[in-house]
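Asks:
Number of protein chains: 2
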Amino acid sequence: MAKSENETPAPIRPVPRLPKGFRDIGAAEIREQQAMLTKIRGVYERYGFEPLETPAIEYTDALGKFLPDQDRPNEGVFSFQDEDEQWLSLRYDLTAPLARFVAENFDKLPKPFRRYATGSVFRNEKPGPGRFRQFTQFDADTVGAESIAADAEMCMLAADTLEALGIPRGDYVIKVNNRKVLDGIMEEVGLVGPEFATRRLTVLRALDKLDKFSEQEVLLLLTVGRKDASGDFTPGALLDVDAAERILSTVKNTQQYFVPSDDMNRAKQLDKAIEGNATYNTGFEELTQIHSMVRAAGYGVDRIRIDPSVIRGLEYYTGPVFEAELTFEVKNEDGQTVRFGSVGGGGRYDDLVARFTGQKVPATGFSIGVSRLQAALASLGKKSSDTLGPVVVLVMDKGEVAAYQKLTQTLRAAGIRAEMYLGSAGMKAQMKYADKRGSPLVVIQGSDERAKGEVTLKDLIEGAKAAAAIKDNKEWKEARPAQLAIPETDLVAKVREILARHET
Amino acid sequence: MAKSENETPAPIRPVPRLPKGFRDIGAAEIREQQAMLTKIRGVYERYGFEPLETPAIEYTDALGKFLPDQDRPNEGVFSFQDEDEQWLSLRYDLTAPLARFVAENFDKLPKPFRRYATGSVFRNEKPGPGRFRQFTQFDADTVGAESIAADAEMCMLAADTLEALGIPRGDYVIKVNNRKVLDGIMEEVGLVGPEFATRRLTVLRALDKLDKFSEQEVLLLLTVGRKDASGDFTPGALLDVDAAERILSTVKNTQQYFVPSDDMNRAKQLDKAIEGNATYNTGFEELTQIHSMVRAAGYGVDRIRIDPSVIRGLEYYTGPVFEAELTFEVKNEDGQTVRFGSVGGGGRYDDLVARFTGQKVPATGFSIGVSRLQAALASLGKKSSDTLGPVVVLVMDKGEVAAYQKLTQTLRAAGIRAEMYLGSAGMKAQMKYADKRGSPLVVIQGSDERAKGEVTLKDLIEGAKAAAAIKDNKEWKEARPAQLAIPETDLVAKVREILARHET
Numbered sequence: 000m001a002k003s004e005n006e007t008p009a010p011i012r013p014v015p016r017l018p019k020g021f022r023d024i025g026a027a028e029i030r031e032q033q034a035m036l037t038k039i040r041g042v043y044e045r046y047g048f049e050p051l052e053t054p055a056i057e058y059t060d061a062l063g064k065f066l067p068d069q070d071r072p073n074e075g076v077f078s079f080q081d082e083d084e085q086w087l088s089l090r091y092d093l094t095a096p097l098a099r100f101v102a103e104n105f106d107k108l109p110k111p112f113r114r115y116a117t118g119s120v121f122r123n124e125k126p127g128p129g130r131f132r133q134f135t136q137f138d139a140d141t142v143g144a145e146s147i148a149a150d151a152e153m154c155m156l157a158a159d160t161l162e163a164l165g166i167p168r169g170d171y172v173i174k175v176n177n178r179k180v181l182d183g184i185m186e187e188v189g190l191v192g193p194e195f196a197t198r199r200l201t202v203l204r205a206l207d208k209l210d211k212f213s214e215q216e217v218l219l220l221l222t223v224g225r226k227d228a229s230g231d232f233t234p235g236a237l238l239d240v241d242a243a244e245r246i247l248s249t250v251k252n253t254q255q256y257f258v259p260s261d262d263m264n265r266a267k268q269l270d271k272a273i274e275g276n277a278t279y280n281t282g283f284e285e286l287t288q289i290h291s292m293v294r295a296a297g298y299g300v301d302r303i304r305i306d307p308s309v310i311r312g313l314e315y316y317t318g319p320v321f322e323a324e325l326t327f328e329v330k331n332e333d334g335q336t337v338r339f340g341s342v343g344g345g346g347r348y349d350d351l352v353a354r355f356t357g358q359k360v361p362a363t364g365f366s367i368g369v370s371r372l373q374a375a376l377a378s379l380g381k382k383s384s385d386t387l388g389p390v391v392v393l394v395m396d397k398g399e400v401a402a403y404q405k406l407t408q409t410l411r412a413a414g415i416r417a418e419m420y421l422g423s424a425g426m427k428a429q430m431k432y433a434d435k436r437g438s439p440l441v442v443i444q445g446s447d448e449r450a451k452g453e454v455t456l457k458d459l460i461e462g463a464k465a466a467a468a469i470k471d472n473k474e475w476k477e478a479r480p481a482q483l484a485i486p487e488t489d490l491v492a493k494v495r496e497i498l499a500r501h502e503t
Numbered sequence: 000m001a002k003s004e005n006e007t008p009a010p011i012r013p014v015p016r017l018p019k020g021f022r023d024i025g026a027a028e029i030r031e032q033q034a035m036l037t038k039i040r041g042v043y044e045r046y047g048f049e050p051l052e053t054p055a056i057e058y059t060d061a062l063g064k065f066l067p068d069q070d071r072p073n074e075g076v077f078s079f080q081d082e083d084e085q086w087l088s089l090r091y092d093l094t095a096p097l098a099r100f101v102a103e104n105f106d107k108l109p110k111p112f113r114r115y116a117t118g119s120v121f122r123n124e125k126p127g128p129g130r131f132r133q134f135t136q137f138d139a140d141t142v143g144a145e146s147i148a149a150d151a152e153m154c155m156l157a158a159d160t161l162e163a164l165g166i167p168r169g170d171y172v173i174k175v176n177n178r179k180v181l182d183g184i185m186e187e188v189g190l191v192g193p194e195f196a197t198r199r200l201t202v203l204r205a206l207d208k209l210d211k212f213s214e215q216e217v218l219l220l221l222t223v224g225r226k227d228a229s230g231d232f233t234p235g236a237l238l239d240v241d242a243a244e245r246i247l248s249t250v251k252n253t254q255q256y257f258v259p260s261d262d263m264n265r266a267k268q269l270d271k272a273i274e275g276n277a278t279y280n281t282g283f284e285e286l287t288q289i290h291s292m293v294r295a296a297g298y299g300v301d302r303i304r305i306d307p308s309v310i311r312g313l314e315y316y317t318g319p320v321f322e323a324e325l326t327f328e329v330k331n332e333d334g335q336t337v338r339f340g341s342v343g344g345g346g347r348y349d350d351l352v353a354r355f356t357g358q359k360v361p362a363t364g365f366s367i368g369v370s371r372l373q374a375a376l377a378s379l380g381k382k383s384s385d386t387l388g389p390v391v392v393l394v395m396d397k398g399e400v401a402a403y404q405k406l407t408q409t410l411r412a413a414g415i416r417a418e419m420y421l422g423s424a425g426m427k428a429q430m431k432y433a434d435k436r437g438s439p440l441v442v443i444q445g446s447d448e449r450a451k452g453e454v455t456l457k458d459l460i461e462g463a464k465a466a467a468a469i470k471d472n473k474e475w476k477e478a479r480p481a482q483l484a485i486p487e488t489d490l491v492a493k494v495r496e497i498l499a500r501h502e503t
C-alpha cells in the first residue's frame with residue numbers, strides 16, 4: 000500500500016534481542032536441569048549440608064575482587080550505584096556472598112557451618128562459545144573447619160555427585176592439589192615476593208597445561224615462550240632452563256609419589272629434591288592426609304587423584320584445591336577430539352571471612368558448573384526420558400467453549416496434563432498444534448457426539464506409527480485403531496489407559 | 000594489649016552487610032519454598048504450560064517501563080551500561096521478558112504459546128516491611144490466544160494452585176474484573192483522554208479501596224479527598240458528587256449482577272445505567288463469558304468472583320484482570336486484624352508483543368508472589384514437617400580421623416544423611432554442635448570401642464525426652480536407653496532403626 004502523506008511517523012520499536020552472553024533456556028533443558036539439581040541436592044544433603052540462599056546483589060566492597068585473570072581491575076563484575084551512591088554488584092560466584100554471610104552472622108551459626116547453595120552468578124566478561132555471562136553454580140562449603148578432613152570430604156562429595164548423576168566410574172576423576180606445594184616449588188627457584196607475582200601466574204598457567212601439552216612445550220612456556228601451530232605466540236615465564244626443569248620434575252615427582260607403586264625410592268628422591276622447604280612440606284603433608292583419608296574411605300586412585308598440575312583460577316585459595324574433570328573424549332568446536340575437561344572444582348580459602356572480621360576462619364568448598372555438567376551428561380547420552388506433551392481438547396464448535404473447558408478441567412482434576420486449544424484456527428491447524436506440543440492424544444467432540452454423550456480420542460503416537468506403517472501393512476491400522484469413540488463418562492479412564500501405554 | 004608505635008595501620012575492612020531490601024534465606028524457609036514451588040509447578044504443568052527460563056538481565060529498551068506508580072520515570076528498575084554503552088536492566092517481572100522472547104522467536108513457537116516461569120525479579124524501590132528489592136515470582140502465560148477462555152483458565156489455574164498448596168476453599172477468592180468495564184464507567188463521567196490520565200489513576204486507586212474502606216470514605220477519595228485517623232490527607236479525584244455516586248453505583252451494580260440472586264431487576268437497572276457505552280459493554284460481555292465458563296467447569300462464587308473494584312497496578316493490562324486474594328484474617332504490623340490480601344494476580348495484555356513487532360499478539364497471564372504466599376501458608380500453619388538434621392559422627396581421637404570419616408561414608412553410602420564433626424572442639428562442644436544442627440543421633444567410637452569393633456549410638460531425641468522425664472520417673476530412662484553400644488557392622492541397620500522412629 001502507498002503511504003499517505005499525512006500519516007503519523009511509525010513508532011520506533013525496540014528490537015527483540017538479548018545482550019551477548021545471555022540466553023533463554025527451553026523446556027527440555029529446564030526439565031533436565033531440574034532433574035540434575037535434584038540429584039546434586041540429594042548428595043549435598045546426604046553429606047549434612049544445609050541450604051542457604053543469598054541475594055544476587057551485594058555491596059561491591061563486600062564481594063571483593065577475586066575473579067581470575069582480569070586484566071582490568073574493574074572488569075568481570077556487573078556493578079552499578081544505589082540511590083545513596085554506594086556501589087552494588089551482581090555476585091560473580093556463591094563463595095564471596097557466603098563469606099559476607101558468615102562474617103555477618105558468625106555468632107549465631109553452628110561451627111563448623113556447612114551450607115549448600117545454587118543459583119545464577121554473573122560475569123561481565125567477553126562471552127564465547129559455551130561461555131555465558133549468566134550461569135548456574137551449585138556449591139557446598141564448610142566454614143570454620145581447619146581439619147584437612149573437610150577438604151578430603153569435598154573430594155568425596157564431588158565423586159559421589161558425579162556418580163549420582165550417572166557418570167560412570169572411570170569417566171571422571173577428582174584431581175587434588177595444594178597451593179602450598181606450588182608456592183614451595185616456586186620459592187625454591189626464587190619466585191618469591193610481590194615483584195614476581197606476574198611471573199608466578201605465568202608459571203601456574205604453564206603447569207596448568209601439563210594435561211594438554213607435552214612436557215617439552217610446557218618447558219617452553221616456563222622459559223622463552225611458545226608458538227602454536229597457528230603461529231600465535233604465548234610469552235614464557237623467562238626462567239632459566241635449570242629452574243624450569245626443576246619445577247617440572249618436582250611437580251612430576253610429587254604426582255608420582257601418590258600413585259600406588261612398589262618403588263618407594265621415588266618418594267625419597269622427592270624428599271631430597273625439595274628438602275627443607277617449609278611451605279612445600281606443609282602442602283605435601285596435607286596432600287598425604289587427604290590421600291590417606293579418601294583411600295581409607297574406599298575412594299581409589301581411579302576416582303580421587305593427587306595431581307600437582309592442578310591450578311584453579313581464583314586468587315583466594317590458600318591450601319588444597321580440587322578439580323572435577325571428565326576424562327571421556329568429545330569433539331570440540333574445531334572438530335578435534337579432546338577430553339571433556341573440568342565441570343567443577345574448589346578448594347580451601349582461609350582468608351575470605353577475615354577480610355571482614357580480621358579473624359581467620361578456615362573454610363573449604365566445592366562448586367559445580369551446572370550448565371557445563373549438563374552439556375557433559377547430554378554428550379554421554381544421559382537424558383531423562385522425554386516428557387509427553389499435554390492432552391489437547393480440540394474446539395470443534397466455538398459456541399461450546401464452556402463445554403470443552405469443562406472436559407479439560409475434568410482431565411486436570413484427575414491429575415492429567417491437559418489443555419483446551421485456545422487459538423482461533425480450524426481443525427487441521429489444531430491437530431498441527433497438538434503435534435507441535437508433543438501431545439500424546441487429542442479429545443474431539445463434535446455436535447453429534449455431544450448429542451450422544453460421547454467423545455472421540457485420537458491417539459497421536461499410534462496414529463503416527465500407523466501412518467508410517469500403512470504402506471506396508473494396511474491391516475495393522477485397522478487392528479490397532481488410533482481413534483475411538485467413547486462415552487463421555489469414560490473420558491478419564493480411557494485417557495489414562497492411552498497415556499499409560501505411552502509413558503513407559 | 001597496648002599497641003606498639005611502629006605497628007602498621009589496620010587494614011580498612013568492609014562491613015559485612017546487605018543493601019537494604021535484600022535478604023538471606025535460611026534452610027527451613029528454602030525447604031518450605033522448594034515444596035511450594037514443586038506444588039505450583041505441578042498445577043501449571045497439569046494445565047499444559049511448558050517451562051521457559053529467560054536471563055535476569057535484558058536490554059532496557061526491550062523490557063520497557065511498565066512498573067506501577069513510579070513517580071520518576073527512571074525509577075523502579077536496576078539499570079547499568081554494557082561495555083558498548085547500551086543500557087541493560089535487571090528484569091522487574093517475568094512478563095516483559097516473555098514478550099521479548101515471543102517477539103524474537105515468534106515463527107518457531109506453537110500458537111498459542113503456553114509457558115510457565117519462576118525466578119527472581121528486581122525492583123529498585125524503597126524497601127519496607129515485607130517489601131523486598133529482590134523476590135520470586137511464579138508465572139503462567141498464554142500468548143496468542145484472543146479467546147476469553149484463556150482468561151477463564153487463568154482464574155481456574157489460580158484457584159487450583161491455592162488449593163494444591165493447602166489453602167482451604169473459603170479462605171481464598173479469585174477476583175475478576177475487566178479494564179474495559181472501568182474505562183467505560185470513567186468515560187461515562189467524562190474522564191476521557193490523556194489530560195485526565197492522573198485523575199483516572201486517582202479514581203482507580205479510590206475504587207481499589209472498596210474492600211478496605213466504607214463507601215462513604217471511597218466517595219471522599221473520588222471527590223474532595225480524605226483525612227485518615229492519623230491526620231494524613233489523601234487528595235481526591237475532584238469529581239462532583241453525582242459523578243462519584245454514579246461510578247460507585249455502577250461498580251456495585253456490576254458486582255451484584257454476578258452474584259447468584261433471584262432479583263434480576265438489578266441486572267436490568269445496570270443495563271440502563273450504562274446503556275450504549277461500547278467500552279463498558281465489551282468488558283461486561285467478557286466478564287459474562289468468564290463467569291459462565293468457570294461456573295460450567297464447577298468453580299462457584301466462593302472460588303472465582305466477578306468484582307469490578309479490582310484494579311491491579313501494571314499499566315500494560317488491556318482487558319480482564321485477576322487478583323488472588325486470601326480472605327482469612329491476620330494481624331498486621333500495627334497489631335490490627337486485617338485480611339491477608341493479595342498473593343498474586345494477572346490479566347490480559349494484548350499490546351506487549353506489538354511493542355516489538357507492530358503486530359497485535361493477544362496474551363494473558365497469572366503471576367504468584369512466592370514469598371508473600373509462603374508467608375500466608377506459614378500464618379495458616381501449613382508447614383511441611385521439620386527435616387531432621389544429619390547424623391553426626393563425633394571425633395574422639397584426632398589421630399583416627401580417617402576411621403571416623405569411613406564410618407561417615409558408610410552411612411552416606413547407605414543413603415543416610417551424615418557428617419563427621421569437622422571442628423577442633425572437644426566432646427562436650429561436639430554434642431552441643433549436634434544439638435544445634437538438629438541431629439537425631441550421634442555416633443561415638445572411643446579407642447576401647449574401636450578395639451572391640453563397636454560403636455555407641457546416642458539417640459539425642461530420646462535423650463532429651465529422658466532428661467526431661469528423669470526427675471519424675473527414673474526408671475523410664477533405664478527402660479528406654481538413649482544410648483547403646485552395637486557392633487560396627489550393625490551401624491547402618493541400627494541408625495536406620497532409630498531414624499525410622501523419629502521420622503514419622
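Protein chains in written order, with numbering that gives the first Met the number 0: chain A, 0 to 503; chain B, 0 to 503.
Virtual Cβ for every residue (Gly too), placed ideally from N, Cα, C.
This one's a predicted model, so the numbers in the text were calculated from it and none came from an experiment.
What residues of chain D sit near A/Phe355, judged by a beta carbon separation below 8 angstroms?
Replies: The question asks about chain D, but that chain is absent: this structure's protein chains are A and B.
Asks: In chain order, what residues of the region 34-47 of chain A put their CB closer than 7 angstroms to some CB of chain B?
Replies: So the list reads Glu44, Arg45, Tyr46 and Gly47, given in the order they occur along the chain.
Asks: Who does B/Gln133 pair with in a DSSP beta bridge?
Replies: Translated into positions along the second sequence, residue 133 of chain B becomes position 134. Bridge partners of B/Gln133: B/Phe121.
Asks: Do A/Leu459 and the ligand ATP come close, with the Cβ less than 7 angstroms from some heavy atom?
Replies: This structure lacks the ligand ATP; in fact it carries no ligand of any kind.
Asks: Could you tell me the alpha carbon to alpha carbon distance between B/Arg71 and A/Gly63, rounded to whole angstroms?
Replies: As a position in the second sequence, residue 71 of chain B is number 72, starting the count at 1. As a position in the first sequence, residue 63 of chain A is number 64, starting the count at 1. The predicted position of B/Arg71 is uncertain, since its pLDDT is 44 and thus under 50; a value taken from the coordinates is nonetheless stated next. Near 32 angstroms, if we compare the C-alpha coordinates of A/Gly63 and B/Arg71.
Asks: Tell me, which residues are paired with A/Val454 by DSSP?
Replies: Start at 1 with the first residue of the first sequence, and residue 454 of chain A comes out as number 455. Per DSSP, A/Ile485.
Asks: Under DSSP, the beta strand (DSSP E) around A/Asn176 begins and ends at which residues?
Replies: Numbered from 1 along the first sequence, position 177 holds the residue referred to as residue 176 of chain A. Segment Tyr171 to Asn177, the beta strand (DSSP E) holding A/Asn176.
Asks: Please compile the residues from chain B whose C-beta is within a distance smaller than 7 angstroms of the C-beta of A/Ile56.
Replies: By 1-based counting over the first sequence, the position of residue 56 of chain A is 57. Neighbours of A/Ile56 on chain B, chain order: Pro18, Phe21 and Gln133.
Asks: Less than 8 angstroms between the CB atoms is what I'm expecting for A/Val454 and A/Ile485, so what's the real figure, rounded?
Replies: On the first sequence, position 455 is the one that residue 454 of chain A refers to. On the first sequence, position 486 is the one that residue 485 of chain A refers to. About 6 angstroms separates the two Cβ atoms, so the contact holds.
Asks: I'd like to know whether the C-beta of A/Ser119 is nearer than 8 angstroms to at least one C-beta of chain B.
Replies: Residue mapping note: residue 119 of chain A aligns to position 120 of the first sequence, counting from 1. So, interface residue.
Asks: Do you know how far the Cα of A/Glu461 is from the Cα of B/Val172?
Replies: Position 173 of the second sequence holds residue 172 of chain B. Position 462 of the first sequence holds residue 461 of chain A. Their Cα atoms are separated by approximately 42 angstroms.
Asks: So, helix, strand or coil for A/Phe79, using DSSP?
Replies: Stepping through the first sequence from its first residue, residue 79 of chain A is reached at position 80. Strand at A/Phe79.
Asks: Relative to the alpha-carbon of A/Leu209, which residue among A/Val191, A/Pro234 and A/Ser308 has its alpha-carbon at the smallest distance?
Replies: Residue mapping note: residue 209 of chain A aligns to position 210 of the first sequence, counting from 1. Taking only the C-alpha atoms, the option nearest A/Leu209 is A/Ser308.
Asks: For B/Phe48, which of helix, strand or coil comes out of DSSP?
Replies: Numbered from its first residue, the second sequence carries residue 48 of chain B at position 49. Coil at B/Phe48, not helix or strand.
Asks: Could you pull out every unbroken alpha helix (DSSP H) segment of at least 4 residues lying fully inside the region 377-412 of chain B, listed in chain order?
Replies: As far as the region 377-412 of chain B is concerned, its whole alpha helix (DSSP H) runs of at least 4 residues are 400-412.
Asks: Using a Cβ-Cβ cut-off of less than 9 angstroms, list which residues of the region 294-320 of chain A approach chain B; keep chain order.
Replies: Listed by position along the chain: Arg294, Ala295, Ala296, Gly297 and Tyr298.
Asks: Determine the direct distance from the alpha carbon of A/Gly25 to that of B/Val101, and round the result to whole angstroms.
Replies: For the purposes of this step, residue 101 of chain B is identified with residue 102 of the second sequence, where counting begins at 1. For the purposes of this step, residue 25 of chain A is identified with residue 26 of the first sequence, where counting begins at 1. Their Cα atoms are separated by approximately 12 angstroms.
Asks: Could you check the C-alpha separation between B/Gly299 and B/Val293 for me, to the nearest Å?
Replies: Residue mapping note: residue 299 of chain B aligns to position 300 of the second sequence, counting from 1. Residue mapping note: residue 293 of chain B aligns to position 294 of the second sequence, counting from 1. Using only the alpha carbons, I get a separation of about 8 angstroms.
Asks: To the nearest angstrom, how far is it from the Cα of A/Ile443 to the Cα of A/Leu393?
Replies: What you label residue 443 of chain A is simply residue 444 of the first sequence in a count that begins at 1. What you label residue 393 of chain A is simply residue 394 of the first sequence in a count that begins at 1. Cα to Cα, the separation comes out at about 6 angstroms.
Asks: Return the CA-CA distance between B/Ala296 and B/Arg45, expressed in angstroms with no decimal places.
Replies: The count along the second sequence starts at 1 and reaches residue 296 of chain B at position 297. The count along the second sequence starts at 1 and reaches residue 45 of chain B at position 46. Cα-Cα distance, rounded: 16 angstroms.
Asks: At the 8 angstroms Cβ level, is B/Gln69 part of the contact set with chain A, yes or no?
Replies: Taking the first residue of the second sequence as position 1, residue 69 of chain B is located at position 70. Its pLDDT being 44, under 50, B/Gln69 is placed unreliably in this model, and the coordinates cannot settle the point.
Asks: Assess, as a yes-or-no matter, whether the region 320-327 of chain A is touched by the region 161-172 of chain A under the definition of 3 or more beta carbon pairs within less than 8 angstroms.
Replies: Taking 8 angstroms as the limit for Cβ pairs, the verdict is that the region 320-327 of chain A does touch the region 161-172 of chain A.
Asks: Nearest CA to the CA of A/Phe112: which residue from B/Leu498, B/Pro389 and B/Gln215?
Replies: Indexing the first sequence from 1 puts residue 112 of chain A at position 113. Per the Cα distances, B/Pro389.
Asks: At 4 residues or longer, and completely inside the region 321-371 of chain B: list those alpha helix (DSSP H) runs for me, N to C.
Replies: The qualifying runs are 353-356.
Asks: DSSP puts A/Tyr58 in a beta bridge; with which residues?
Replies: As a first step, residue 58 of chain A must be located in the first sequence, where it is residue number 59. Paired residues: A/Leu87.
Asks: Which value, in whole angstroms, describes the spacing of the CA atoms of B/Val517 and A/Ala196?
Replies: The requested residue 517 of chain B is not part of the displayed model; chain B covers only 0 to 503.
Asks: In chain order, what residues of the same chain lie with their CB nearer than 7 angstroms to the CB of A/Thr278, ignoring the 5 residues before and after it?
Replies: The sequence position of residue 278 of chain A within the first sequence is 279, counting from 1. Lys179, Asp182, Gly183 and Glu186.
Asks: Classify B/Gln373 as buried or exposed, calling it buried when 16 or more other Cβ atoms lie within 10 Å of its own Cβ.
Replies: Within the second sequence, residue 373 of chain B is the residue found at index 374, counting from 1. Looking at its Cβ environment, which holds 16 or more other Cβ atoms inside 10 Å, B/Gln373 is buried.
Asks: At a Cβ threshold of 8 angstroms, is B/Glu418 touching chain A?
Replies: Stepping through the second sequence from its first residue, residue 418 of chain B is reached at position 419. Interface residue, yes.
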